[in-house]
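Going by the UniProt record's numbering, the first residue of the sequence shown is number 1, and it counts up by one from there. Everything below concerns the one structure shown next.
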Amino acid sequence: MTEVKSGSMSSTHSKASTLFGLDEDDRSGILVYRYRSGCKALEQTSQHDLCRELDADPNLEYMRVTKKEIPRGNSRVEIKTADMLLPEDLETHFEKPTLYTSLANVGLTRMQRFKHMLFNSYPELYIVSRQHSPVSSRRTTPESSQHNTFQVDTPHPLQKSSSSS
């Protein structure tokens with residue numbers, strides 16, 4: 001959070017709220033989908049808590065938060081590549097053929113769906129994802145991920161038979 005002083009009043013503003021258009025004072029419930037986090041369900045939180053969490057993340061500059069409307073009555077939301085891009089990125093990549101490919105199909109729990117249908121709770125799904133960063137690309141290049149994925153001390157079955165001959 002950054003501190004802003006104006007006259008005799010002093011207040012703090014969340015950097016995440018400024019970057020992603022979030023309301024850091026809104027404590028009402030929202031649904032959050034974290035792309036490639038390994039989480040199996042949608043997270044229920046508030047914009048206030050999401051801002052605090054994002055501000056504490058040292059990789060905030062590589063984060064991306066977008067919103068997608070949840071259609072009334074739907075129990076599932078399909079997330080496409082375009083849903084994870086910020087408006088300026090959409091303008092840049094509007095002609096890419098993979099822009100509208102499906103990346104995920106997430107479901108609302110029964111309670112989330114009823115709250116959405118009856119009380120218009122959760123009008124939008126907040127999608128949190130990471131942009132490519134130099135640090136993550138070094139860890140996920142084919143050369144390095146291959147070595148990290150497979151155990152080094154366990155030889156391949158073909159290596160066992162050739163070394164015992």
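Glycine included, every Cβ here is placed at the ideal spot set by N, Cα and C. The structure displayed is predicted, hence computed values, not measured ones.
Cβ pair count under 8 Å reaching 3, the segment 79–96 against the segment 116–123: no
Ignore the nearest five residues each way along the sequence and tell me which others in Asp-23's own chain have a CB closer than 6 Å to its CB. Gln-47
Quick one: any contact between the segment 50–62 and the segment 78–88, if contact means 3 or more CB pairs under 8 Å? no
What three-state label does DSSP hand Lys-80 in the structure shown? strand
Give every residue of the same chain whose Cβ lies closer than 6 Å to the Cβ of Ser-14, excluding the five residues on either side of it in the sequence, and list them in chain order. Met-1, Glu-24, Cys-51 and Asp-55
Any idea if Tyr-100 is buried or exposed, counting beta-carbon neighbours within 10 angstroms, 16 or more meaning buried? exposed
Anticipated Cβ contact below 8 Å, Leu-108 with Ser-75, distance rounded: 6 Å
What residue range does the beta strand (DSSP E) around Arg-34 cover? 29–34
Within 8 Å, strictly: CB atoms of Arg-34 and Val-106: no
Mapping the DSSP letters down to three states, classify Ala-16 as helix, strand or coil. helix
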